[in-house]
Amino acid sequence: MKKFIVLAIALFTAAAVYAQPRAIGGRLGYGLEVTYQHTLGNNMVELDFGLPGFLGLEAAATYDWVFPINSWNEQGSWNWYAGVGAGLGMYGFNNITGFVGAAGRIGVEYNFWFPMNISIDWRPLIGPYFHSDGVGFNTLGIFQGGIALSVRYLF
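Right, here's the structure in full:
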């Protein structure tokens, strides 16, 4: 009986995840990132992994609240969104500086009538950095996520 319940929960979870709209693509701004969106009801979770300034590695995740722009809709749909999350990463491959922090996001997106969307957003990442010289505040975090253009395939 326990195996049946575990199997039923696993199947329902897999079906629920599969039924949610998703998108994968690229984000070009201060560096290059791979971006993944997963819809949760009317909102979304966005995961980004990339090369900030092509000088390191970075990962960020935000929960974004989505607000439709009904007056702009013709064939596709427009939305603006804002969210919060967290991120971490490192700069330099010889003299490594690590950083962590809170991430924010605000942007606008257009979902085409075919399975593609395009968006422009600003995602700062603010928090401490850690280096062999000590700890400090990551002032570049306001710009390193920067303003970026994303193109994604919806599936």
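For reference, each letter of the sequence shown is one residue, going -19 to -1, 1 to 136 in mature numbering (1 follows the signal peptide of the UniProt record, and there is no 0).
Every residue gets a Cβ at the ideal spot worked out from N, C-alpha and C, and that includes glycine.
Do residue 224 and F30 have their C-beta atoms within less than 7 Å of each other? The structure shown has nothing for residue 224, since the chain only spans -19 to 136.
Three-state secondary structure assigned by DSSP to F74: Residue numbering aside, residue 74 sits at position 93 when the sequence shown is read from its first letter. Of the three classes helix, strand and coil, the one that applies to F74 here is coil, per DSSP.
With 16 other CB atoms within 10 Å as the buried threshold, where does F35 fall? Here residue 35 refers to the residue found at position 54 of the sequence shown. When all chains shown are included, F35 counts as exposed.
Buried or exposed (CB count within 10 angstroms, at least 16 for buried), N60: For this step, residue 60 is matched to residue 79 along the sequence shown. The residue is buried, with at least 16 neighbouring Cβ atoms inside 10 Å.
How close, in whole Å, do the beta carbons of Y72 and G37 come, if the pair is a contact with beta carbons under 8 Å? Numbered from 1 along the sequence shown, position 91 holds the residue referred to as residue 72. Numbered from 1 along the sequence shown, position 56 holds the residue referred to as residue 37. Between G37 and Y72 the Cβ distance is about 4 Å, and since that is below 8 Å, they are a contact.
P33 burial status per 10 Å Cβ neighbour count (16 or more: buried): As a position in the sequence shown, residue 33 is number 52, starting the count at 1. Answer is buried; the Cβ neighbour count reaches 16.
In whole angstroms, give me the CA-to-CA distance for I128 and G7. Translated into the one-based positions of the sequence shown, residue 128 becomes position 147. Translated into the one-based positions of the sequence shown, residue 7 becomes position 26. Using only the alpha carbons, I get a separation of about 13 Å.
Report the partner residues of I123 according to the DSSP bridge assignment. Residue 123 sits at position 142 when you count from the first residue of the sequence shown. The partner list for I123 (beta bridge, DSSP) is empty, contrary to what the question assumes.
DSSP state of W94, grouped into three classes? As a first step, residue 94 is located in the sequence shown; it is residue number 113 there, counting from the start. It is coil, neither helix nor strand.
Look at I5 and Y134 and say whether their C-beta atoms are less than 7 Å apart. Start at 1 with the first residue of the sequence shown, and residue 5 comes out as number 24. Start at 1 with the first residue of the sequence shown, and residue 134 comes out as number 153. Taking 7 Å as the Cβ cut-off, I5 and Y134 qualify as a contacting pair.
Own chain, CB closer than 7 Å to F95, minus 5 neighbours either side, in chain order: As a position in the sequence shown, residue 95 is number 114, starting the count at 1. No residues qualify anywhere along the chain.
Close beta carbons around F74, own chain, < 7 Å, minus the five adjacent residues each side: The residue you call residue 74 lines up with position 93 of the sequence shown. Nothing listed; no residue qualifies.
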